[in-house]
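Chemist: Residue numbers (this note's numbering): 927 to 1284.
All residues carry an ideal CB built from backbone N, CA and C; glycine is no exception.
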């Protein structure tokens, strides 16, 4: 599986998991709060901060027809009793006023600055900022015109596939690759948007199937509460982890707060993933620590089991295979039975080649 770069980060198997902190609507349209989120994400150890680039009029229509109302028991109270337009009017991130300054701040804090565009005009705008890659949301993974516009930038693409069917994923990937995307990562994505994890609906095994089917880098975008599942996803091979992020949980942050990690939670998740990466390590054989090197002495080796006279033949009766590892390796046991002692050997002496006449 090939790797690709996002800024200074190499994405792919064998490289550190790329951690994306998703700001989403957690800024509550307060610029100072957005700044605080960027700073806190950097302090927690995130590799990138990600925004969402849309305007209410590019996301939906200002209509009060029944289909434009946010309803359903699965939606949080903060989303209900309003139209899609009203919801996105409260949630969107200002373009010209915020994106550039937040990008500068992210770079100053050592993070990549990414965004999810929701229509071609958002791609055009993000191109003026020189973003290093594009993130496609699960809901836009079937928006073929948008995929074509993003692919034509020829930049790396990270696409969440959420509840997309296999046929939809095939078409999305085909569209991207046929229109200019060479570097692609697919994120398995939970879209329950709940503060409660649903392990039975996560199906992390799907990541390996995505690799098998599409020869792509895989990752995990988590829209549930908690740190356990994304940490496990990273251990299972996710090269990218995306998690919604808020500095602290408070009443002012209502739209995505319930399934976002706060700074403490994000740091815990990242620390866990980095610890797992350290434990996974690289392919390596032999002693790894001074303690392991020391403990090799508890291996067995060959000793004179009794006093052996010069010229006497070695036998299974006068050679012992015992601890510690001070004499010849036990693999030579049968070989030395064909040889004789080069001099008198006292019982308990570790056997060495200079004591043996071939």
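Among 1103, 1078, 1161, which has the Cα closest to the Cα of residue 1206?
Modeler: 1161
Chemist: Pull up the distance between the alpha-carbon of residue 1136 and that of residue 1261, whole angstroms please.
Modeler: 53 Å
Chemist: List the whole-angstrom C-beta distance separating residue 1196 from residue 963, where the pair is believed to meet the contact cut-off of C-beta under 8 Å.
Modeler: Wrong, their Cβ atoms sit about 15 Å apart, outside the cutoff.
Chemist: From residue 1272 to residue 1217, what does the alpha carbon distance come to, in whole angstroms?
Modeler: Those two C-alpha atoms are separated by around 31 Å.
Chemist: Nearest by alpha-carbon distance to residue 956: which of 1016, 970, 1034 is it?
Modeler: Residue 1016 is the option with its Cα nearest to residue 956.
Chemist: Taking only three categories from DSSP, how would you classify residue 1171?
Modeler: If DSSP states are grouped into helix, strand and coil, residue 1171 belongs with the strands.
Chemist: Under the DSSP definition of a beta bridge, which residues are partnered with residue 1043?
Modeler: 979
Chemist: Go through its chain and collect everything with a Cβ distance to residue 1194's Cβ below 6 Å, but skip five positions before and after it.
Modeler: 1153
Chemist: Take the Cβ of residue 1175 as the centre, count every other Cβ of all protein chains shown within 10 Å, and call the residue buried at 16 or more, exposed below.
Modeler: exposed
Chemist: Among residues of its own chain, excluding the 5 on either side of residue 1225, which ones have a beta-carbon nearer than 6 Å to its beta-carbon?
Modeler: 1251
Chemist: What span of residues does the beta strand (DSSP E) with residue 1032 cover, start to end?
Modeler: Here residue 1032 belongs to no beta strand (DSSP E); instead the alpha helix (DSSP H) covers 1025-1034.
Chemist: Alpha carbon to alpha carbon, how far is residue 1032 from residue 969? Give it in angstroms, no decimals.
Modeler: 11 Å
Chemist: Any chance you could list the beta strand (DSSP E) runs of at least 3 consecutive residues sitting entirely within the segment 1142-1229, in chain order?
Modeler: 1143-1148, 1166-1170
Chemist: Taking C-beta to C-beta, are residue 1101 and residue 1114 nearer than 8 Å?
Modeler: no
Chemist: Whose C-beta lies closer than 6 Å to the C-beta of residue 1142 among residues of the same chain, with five residues either side of it excluded?
Modeler: 1110, 1112
Chemist: Which residue wins for smallest C-alpha separation from residue 1105, given the options 951, 1076, 1257?
Modeler: 1076
Chemist: From residue 1209 to residue 941, what does the alpha carbon distance come to, in whole angstroms?
Modeler: Using only the alpha carbons, I get a separation of about 13 Å.
Chemist: Starting from residue 1015, trace the alpha helix (DSSP H) both ways and give me its first and last residue.
Modeler: 1010-1017
Chemist: Use the C-beta contact count for residue 1242: other C-beta atoms within 10 angstroms, 16 or more gives buried, fewer gives exposed.
Modeler: exposed
Chemist: Start and end of the alpha helix (DSSP H) containing residue 964?
Modeler: Residue 964 -> alpha helix (DSSP H) spans 957-970.
Chemist: Quick check on the burial criterion: 16 or more other C-beta atoms within 10 angstroms. Buried or exposed for residue 1037?
Modeler: Residue 1037 is buried by the Cβ-count criterion.
Chemist: Could you check which residue in 1091, 1080, 1058 has the C-alpha nearest to that of residue 1067?
Modeler: Considering only 1091, 1080, 1058, the residue with the shortest C-alpha distance to residue 1067 is 1091.
Chemist: I need the straight-line Cα distance from residue 1233 to residue 1284, nearest angstrom please.
Modeler: 19 Å
Chemist: Please state whether DSSP places residue 1272 in a helix, a strand or coil.
Modeler: coil
Chemist: Along the beta strand (DSSP E) that carries residue 1095, what are the first and last residues, could you check?
Modeler: First-last for residue 1095: 1092-1104, but that is the alpha helix (DSSP H), not the beta strand (DSSP E).
Chemist: Go through its chain and collect everything with a Cβ distance to residue 1276's Cβ below 6 Å, but skip five positions before and after it.
Modeler: The answer, listed in chain order, is 1229, 1252, 1253.
Chemist: By Cβ distance, which residues of its chain are closer than 7 Å to residue 1219, with the 5 residues on each side in sequence left out?
Modeler: 1213
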